[in-house]
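Numbering (the UniProt record's numbering), first residue to last: 1 to 486.
Cβ atoms here follow ideal geometry from the backbone N, Cα and C, with glycine treated the same way.
Only one structure is covered here, and it is reproduced in the block below.
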Amino acid sequence: MTAIHELGALELWRLLHARQLSAVQVAEHFLDRIARLDHANAFVHVDAELALERAGTADAAADRTGIIHGLPFADKDLTPRAGQPASMGSRWLEGTIADETHPVAQVLDDGGGVVLGRTAAPEFGFAGYTRSALHGATTLPGHPGLHAGGSSGGAAAAVAQGLLPFAPGSDGGGSIRIPAATCGLVGLKPTRGRIPAQGGVGVVGGLATAGAIARSVIDVALLTDALIGRVNGVTAHPLALRAPERDDGSLLAAAMRGQGRFRIAVLTGGTPWDASDDIRIAPEADDALAAAVRALEAVGHEVGEVALPDASGDLGVPGVAGYPAAFTDLWRGGAATIPIPREQRHLLEPLARWIIDTSDGLTAGGLARAQLWATEYERRVLAAFAPWDAVLTPTTALTPRPLDWYPADDGEADFRAQVLHTPHTSFVNLTGLPAISLPVHQTDAGLPMGVQLIGRPGEEATLLAIGRQLERRIPWTQRVVDRMAP
1 MTAIHELGAL
11 ELWRLLHARQ
21 LSAVQVAEHF
31 LDRIARLDHA
41 NAFVHVDAEL
51 ALERAGTADA
61 AADRTGIIHG
71 LPFADKDLTP
81 RAGQPASMGS
91 RWLEGTIADE
101 THPVAQVLDD
111 GGGVVLGRTA
121 APEFGFAGYT
131 RSALHGATTL
141 PGHPGLHAGG
151 SSGGAAAAVA
161 QGLLPFAPGS
171 DGGGSIRIPA
181 ATCGLVGLKP
191 TRGRIPAQGG
201 VGVVGGLATA
211 GAIARSVIDV
221 ALLTDALIGR
231 VNGVTAHPLA
241 LRAPERDDGS
251 LLAAAMRGQG
261 RFRIAVLTGG
271 TPWDASDDIR
281 IAPEADDALA
291 AAVRALEAVG
301 HEVGEVALPD
311 ASGDLGVPGV
321 AGYPAAFTDL
331 WRGGAATIPI
341 PREQRHLLEP
351 LARWIIDTSD
361 GLTAGGLARA
371 QLWATEYERR
381 VLAAFAPWDA
391 VLTPTTALTP
401 RPLDWYPADD
411 GEADFRAQVL
421 HTPHTSFVNL
431 TGLPAISLPV
441 HQTDAGLPMG
451 VQLIGRPGEE
461 ATLLAIGRQL
471 ERRIPWTQRV
481 VDRMAP
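This is the structure in structure tokens:
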């Protein structure tokens with residue numbers, strides 16, 4: 001008999017809906033696994049009492065049609081939930097308890113989900129790996145000397161260990177796609193504005209959006225539908241910006257069909273960081289790209305090439321040296337909203353302290369120019385990509401990184417090391433496009449390597465359809481199950 005943790009989220013939902021499993025039974029199973037098997041440090045807090053209370057309520061409900069009714073999930077440690085710890089991975093906030101529940105947590109509650117606890121994140125989510133002085137390092141399951149990626153590293157490590165069937169995350173520069181690729185999972189960053197609860201709207205730079213991590217494309221689609229939070233088929237957008245919706249409104253349906261023939265371009269022309277950093281693409285990343293191209297051509301897609309628009313100049317915005325300067329200033333602009341008094345900054349780790357300290361020198365004019373540059377670059381990228389249904393890149397340029405790869409005592413050097421690892425992810429946030437990471441390859445050493453498919457605005461359904469087609473040819477879901485402890 002298949003164990004509960006080996007079942008996909010949609011399979012679990014069907015069994016719960018048919019009353020062949022109870023939500024309490026499912027919650028107890030995963031809580032037990034978390035207590036025994038979280039060797040990667042995926043969870044920073046578990047609330048079994050709350051989880052079983054929520055599960056009992058789900059079992060008692062007459063209506064079991066909630067989109068994730070009875071399914072367990074965990075909040076990322078950057079997502080506040082009333083009455084729960086709210087450290088944001090920072091010693092500065094150690095012991096803080098949240099007063100309010102974030103809309104992302106609320107929409108998953110409203111969809112019938114059962115929250116088990118909180119997954120690890122680096123301080124304020126600033127890193128593309130998951131390590132904090134408060135909670136330690138989250139490692140790649142089965143490889144304790146390697147990072148799990150970040151900043152949604154706890155979410156990915158939890159799914160990869162079979163501690164959750166899927167997990168929500170957030171992505172401001174690659175923070176869903178990086179850990180998904182590192183842990184051999186599927187990760188979807190939706191279009192800016194697609195997730196009403198956290199879609200990048202109303203924050204500096206419009207970079208960060210909520211998204212989903214799971215073993216399979218279908219389960220990622222299911223959780224993304226829950227994050228969108230439609231009521232009677234209608235999405236309640238709290239702000240005017242919304243993503244176009246040309247499909248039937250169900251990403252799960254598009255993923256399950258997995259149909260269509262598309263025009264897909266491999267990205268050429270380097271990365272946006274080439275002007276500031278010595279970017280090297282590892283052979284393993286090239287192997288992943290080649291594996292994806294072979295599978296796409298075998299399915300019948302047209303595969304070509306598209307050049308990334310030049311990101312090195314001012315693009316008509318005087319005072320901006322190019323992409324590295326513009327993105328870093330937008331990143332600093334977001335950091336400037338963290339209300340930490342200067343006299344308490346000694347509590348911050350070097351990366352967060354460097355970003356926040358340097359944000360002090362960011363003027364209103366400098367931030368405005370960075371945003372203008374980003375808007376112009378977005379126009380150029382969308383124009384270049386427009387003839388293609390999707391654009392293909394490596395997700396990470398390098399294999400999963402050793403624990404000592406990111407300097408622990410120099411914030412700027414830490415940032416530069418992150419750029420070398422993941423030079424293809426952040427420009428997707430800057431342009432607001434949707435992207436999915438797919439674990440198409442495994443190295444000779446058994447390490448996962450992923451590719452990134454970037455889509456047109458609002459066309460997550462296309463990315464999911466392509467991903468499902470590749471999933472039928474490449475057994476990545478079974479690879480994750482095979483690596484799980486019984």
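Check whether the segment 439-446 and the segment 288-298 are in contact - that is, three or more C-beta pairs closer than 8 angstroms.
Yes, the segment 439-446 touches the segment 288-298.
So, using beta-carbon positions, are G319 and S312 closer together than 8 angstroms?
Position 319 of the sequence shown holds residue 319. Position 312 of the sequence shown holds residue 312. Not in contact: G319 and S312 (Cβ atoms no closer than 8 angstroms).
Secondary structure at E349, three-state DSSP: helix, strand or coil?
What you label residue 349 is simply residue 349 of the sequence shown in a count that begins at 1. When DSSP states are grouped into helix, strand and coil, E349 belongs to the coil group.
Is it buried or exposed, A236, if we count other Cβ atoms within 10 angstroms and call 16 or more buried?
Counting from one through the sequence shown, the residue named residue 236 turns up at place 236. Counting Cβ neighbours within 10 Å, A236 comes out exposed, since fewer than 16 surround it.
Which of helix, strand or coil does DSSP assign to M449?
Start at 1 with the first residue of the sequence shown, and residue 449 comes out as number 449. Strand.
Could you name each continuous alpha helix (DSSP H) segment of 4 residues or more that falls completely within the segment 289-325, going from the start of the chain to the end?
Qualifying alpha helix (DSSP H) stretches: none in this window.
Nearest to L116 (by Cα), restricted to the options E302, V24, H421, V220
Residue mapping note: residue 116 aligns to position 116 of the sequence shown, counting from 1. For L116, the closest C-alpha among the options E302, V24, H421, V220 is that of V24.
So, helix, strand or coil for A137, using DSSP?
Working through the sequence shown from its first residue, we reach residue 137 at position 137. Assignment of A137 by DSSP, reduced to helix, strand and coil, places it in the strand class.
Residue from M88, E11, A390 whose Cα sits closest to the Cα of H102
In the sequence shown, the residue the question calls residue 102 occupies position 102. Measuring from the Cα of H102, the nearest candidate turns out to be M88.
Can T224 and P190 be called in contact, C-beta distance under 8 angstroms?
Looking up residue 224 in the sequence shown gives position 224. Looking up residue 190 in the sequence shown gives position 190. Taking a C-beta distance under 8 angstroms as the contact criterion, T224 and P190 qualify as a contact pair.
Which residues mark the beginning and the end of the beta strand (DSSP E) in which I213 is found?
As a working note, residue 213 is residue 213 in the sequence shown. Where I213 is concerned, the enclosing beta strand (DSSP E) stretches over 209-214.
Less than 7 angstroms between C-beta atoms, sequence neighbours within five positions excluded: which residues of the same chain meet that for D247?
By 1-based counting over the sequence shown, the position of residue 247 is 247. Below a pLDDT of 50, predicted positions are generally treated as unreliable, and D247, at 42, falls in that range; no measurement from the model is reported.
Taking contact to mean at least 3 C-beta pairs separated by less than 8 angstroms, is the segment 7-23 in contact with the segment 67-81?
With the cut-off at 8 angstroms, the segment 7-23 and the segment 67-81 touch.
Considering D75, what are the terminal residues of the beta strand (DSSP E) in which it resides?
The residue you call residue 75 lines up with position 75 of the sequence shown. 72-76 is the span of the beta strand (DSSP E), which, as asked, contains D75.
Expressed to the nearest angstrom, what Euclidean distance is found between the alpha-carbon atoms of E100 and L296?
Residue numbering aside, residue 100 sits at position 100 when the sequence shown is read from its first letter. Residue numbering aside, residue 296 sits at position 296 when the sequence shown is read from its first letter. When rounded, the distance between both Cα atoms is 45 angstroms.
Name the residue from I218, R192, V220, S216 whose alpha carbon lies nearest to the alpha carbon of T209.
Along the sequence shown, one-based indexing puts residue 209 at 209. Among I218, R192, V220, S216, the Cα nearest to that of T209 is on R192.
Would DSSP call T268 helix, strand or coil?
As a working mapping, residue 268 is identified with position 268 in the sequence shown. Note: T268 maps to strand in three-state DSSP.
Once DSSP output is grouped into helix, strand and coil, what is the label at T393?
As a position in the sequence shown, residue 393 is number 393, starting the count at 1. Of the three classes helix, strand and coil, the one that applies to T393 here is strand, per DSSP.
Per DSSP, what are the beta-bridge partners of G187 in this structure?
Looking up residue 187 in the sequence shown gives position 187. Bridge partners of G187: I213, S437.
Coarse secondary structure for Q25, derived from DSSP in three states
By 1-based counting over the sequence shown, the position of residue 25 is 25. Three-state DSSP puts Q25 in a helix.
Thinking C-beta only, is G365 closer than 8 angstroms to V186?
Along the sequence shown, one-based indexing puts residue 186 at 186. Along the sequence shown, one-based indexing puts residue 365 at 365. Not in contact: V186 and G365 (Cβ atoms no closer than 8 angstroms).
Exposed or buried, T79, counting other C-beta atoms within 10 Å across all chains shown (16 or more means buried)?
Here residue 79 refers to the residue found at position 79 when the sequence shown is read from its first residue. For T79, the number of other beta carbons within 10 angstroms of its own is at least 16, and it is reported as buried.
Bridge partners for A167 per DSSP, in chain order?
If you number the sequence shown from 1, residue 167 lands on position 167. According to DSSP, A167 bridges with I213.
Could you check whether Q84 and A98 sit closer than 8 angstroms to each other, using their CB atoms as the reference points?
By 1-based counting over the sequence shown, the position of residue 98 is 98. By 1-based counting over the sequence shown, the position of residue 84 is 84. Cβ atoms of A98 and Q84: closer than 8 angstroms.
At the level of alpha carbons, what is the spacing between A55 and D360?
For the purposes of this step, residue 55 is identified with residue 55 of the sequence shown, where counting begins at 1. For the purposes of this step, residue 360 is identified with residue 360 of the sequence shown, where counting begins at 1. Using only the alpha carbons, I get a separation of about 46 angstroms.
Classify L15 as helix, strand or coil using the three-state DSSP reduction.
If you number the sequence shown from 1, residue 15 lands on position 15. Three-state DSSP puts L15 in a helix.
Is the CB-CB distance between G200 and T422 below 8 angstroms?
Mapped onto the sequence shown, residue 200 falls at position 200. Mapped onto the sequence shown, residue 422 falls at position 422. Cβ atoms of G200 and T422: not closer than 8 angstroms.
S90 by DSSP, collapsed to three states: which one?
Taking the sequence shown and counting its residues from 1, one reaches residue 90 at position 90. Of the three classes helix, strand and coil, the one that applies to S90 here is coil, per DSSP.
Using a Cβ-Cβ cutoff of less than 8 angstroms, which residues in the same chain neighbour G300 once the five nearest sequence positions on both sides are dropped?
Working through the sequence shown from its first residue, we reach residue 300 at position 300. Excluding positions up to five away in sequence, the list reads R261.
Taking Cβ to Cβ, would you say A181 is nearer than 8 angstroms to S437?
Position 181 of the sequence shown holds residue 181. Position 437 of the sequence shown holds residue 437. Yes, the pair counts as a contact, with Cβ atoms nearer than the cut-off.
Interface flag, G111 vs chain B, CB-CB below 8 angstroms
Absent from the structure is chain B; it holds one protein chain and no more.
Could you tell me whether the segment 477-486 touches the segment 150-165, using the rule of 3 or more Cβ pairs below 8 angstroms?
Between the segment 477-486 and the segment 150-165 there are three or more inter-stretch CB-CB distances shorter than 8 angstroms, so the stretches are counted as touching.
According to DSSP, is H421 helix, strand or coil?
Looking up residue 421 in the sequence shown gives position 421. H421: helix per DSSP, three-state reduction.
Three-state secondary structure (DSSP) at F126?
Within the sequence shown, residue 126 is the residue found at index 126, counting from 1. F126 falls in the coil class under three-state DSSP.
Would you report the Cα separation of A48 and L239, rounded to the nearest angstrom?
Working through the sequence shown from its first residue, we reach residue 48 at position 48. Working through the sequence shown from its first residue, we reach residue 239 at position 239. Cα to Cα, A48 sits roughly 35 angstroms from L239.
Would you call the segment 265-279 in contact with the segment 27-37, where contact means no fewer than 3 C-beta pairs closer than 8 angstroms?
With the cut-off at 8 angstroms, the segment 265-279 and the segment 27-37 do not touch.
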